[in-house]
Amino acid sequence: MPDISGPNSRGRCSLRRPIIPTHMVSVFRRPRSTARERNASIAAMDVLAALSAALAALRAGRIDDARRAAERIWRQSSDARAAGFLALLETDAGRYDSALLWNDRARQSNPSDPRFALQGARVAGLMGDHVAAFDRLAALLRDAPRTKGAWSEFATVARTCDRRAEAVAACIRAYDAEPTLVYALNALLHLISDEPQGEAAPAAVPTSARRPLSLVTCSNDDTQFAAMAASYDRALPDWPHDIVRIADATSLAEGYTRGVAVATGEIVIFSHDDVEILAADFGHRLSRRLAECDVLGVAGATRATGPAWPFAGSPFLPGSVIYPDETGYRVTVYSRNVPLARDIRVMDGVFLAMRREVALRIGWDAEACDGFHGYDVDFTLRAAQAGL
């Protein structure tokens, strides 16, 4: 046993006998490899080294050397990577028929690697055979739906060869089966017609049933506030509403607390000052949705896992957010939910609407949220905990 108590040990360990008995040592030794296993390991290392050399030759512009090296690897090992490399060289040279032949060899040699199926689809597309490219991508995504880059190319090819309906159905099936498959959701968005479709306009709310709205916003930017106010005015031309501006808020929670105290509408909207309303029948849509829920937003999460709602991650993020860019609008869609998602725990504070009594009952916590972040998660989580 170890002896560390002797007068000369000075903290060092002096062993009188091994900790592990000698008859146990053999248990911990790596088993000896056979000659065949050693040769296979060496061969694999040689193939990898040869492939690296071929790639280096290609990067150096020595195309013929790269081709000869890859052909030699293929003759000696039938390695799928060599065939795929030769398909790449043929593609770069514009010899697409030959590229497809090499790609077929690569896929036959290693049918489980989705990269070769993706390569074949790309070559077919370069040949102008978009139908074949579509079929190859559809088959690939059925077998390997998480192949990087495949979904976006699938959507592009589907639009090109007018097979959008099939592609939409494939995206929906894949995403519904695996809601974390955001690539399929992105492809679905790419496949949506450029012409706005949208849901059918809701039935107009009778004038007598139009409850007054109050918009509360914190803004110290006159230009930005004017643009936002004009946007709401355009969206609510036939709806009684007023706008409460807090220009000197020390935090959003503090500003919203003051704003809701002077708001007169039965419905209160808490909005950032850079929001633009796109729906011309906004008041009617808002009224219909608030008849079905207590707190309404545009994006959020069905579970609270961090200081901001996106921390929940897919598939717990229903909703969408639209941002303007130089050429139009950029749409970020978090899920394929029905228009009104339920069982929400936390929401984004860019836009929140509710009855005034709900806002007063839950209240904005200016003490806990004394800045311009976290106020939305705090408010909506407490609302959810209150059963709203």
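So the sequence shown is numbered by numbering that gives the first Met the number 0: it starts at 0 and just counts up by one. C-beta: ideal position from N, C-alpha, C; glycine also. The model shown is predicted, which means the values in this text are computed figures rather than measured ones.
Considering residue i, what are the terminal residues of the beta strand (DSSP E) in which it resides?
i, result
"D241", "240-245"
"V330", "328-332"
"V294", "294-296"
Residue i to residue j, Cα distance in whole Å?
i, j, result
"I41", "D64", "Annotation note: pLDDT 41 at I41 (below 50); position unreliable, no value reported."
"G60", "A132", "29 Å"
"L47", "A81", "10 Å"
"G305", "G299", "12 Å"
"E165", "K147", "20 Å"
"P314", "T179", "5 Å"
"R341", "G386", "12 Å"
"S97", "P323", "45 Å"
"V349", "G318", "12 Å"
"R29", "D78", "With a pLDDT of 47 at R29, under the threshold of 50, the modelled position of this residue cannot be trusted; read the value that follows with caution. Rounded to whole angstroms, R29 to D78 spans 29 Å at the Cα level."
Take residue i and list the residues in its own chain whose beta-carbon comes closer than 8 Å to its own, dropping the five residues that flank it on each side.
i, result
"I245", "V215, T216, C217, S218, G254, Y255, R257, G258"
"V130", "C160, R162"
Can you check which of these residues, the options, is closest to residue i by C-alpha distance?
i, options, result
"A383", "D293, A105, T222, A98", "D293"
"G93", "P113, L125, F378", "L125"
"A168", "V349, R335, F371, R354", "R335"
"L251", "A149, R71, E366", "E366"
"D347", "C160, F281, L316, R329", "L316"
"A154", "R141, P144, L190, A49", "L190"
"D280", "R67, V204, F378", "V204"
"D247", "A229, Y231, D220", "D220"
Spatial neighbours of residue i within its chain, please: CB distance less than 7 Å, with the 5 preceding and 5 following residues excluded, ordered by chain position.
i, result
"H22", "Unreliable placement is indicated for H22, whose pLDDT of 38 sits below 50; no coordinate value is reported for it."
"A149", "L117, L136, L139, L140"
Sorted by chain position, which residues of the same chain lie with C-beta nearer than 6 Å to residue i's C-beta, five sequence neighbours on each side aside?
i, result
"A303", "R344, V345, L380"
"G282", "L235, W238"
Tell me which residue opens and which closes the alpha helix (DSSP H) that residue i is part of.
i, result
"Y374", "374-384"
"S313", "Counting along the chain, S313 falls outside any alpha helix (DSSP H), and DSSP gives it neither H nor E."
"I171", "163-176"
"F153", "149-159"
"T90", "79-91"
"F281", "281-289"
Per DSSP, what kind of secondary structure is residue i in: helix, strand or coil?
i, result
"M126", "coil"
"S111", "coil"
"Y255", "helix"
"R354", "strand"
"A68", "helix"
"L212", "strand"
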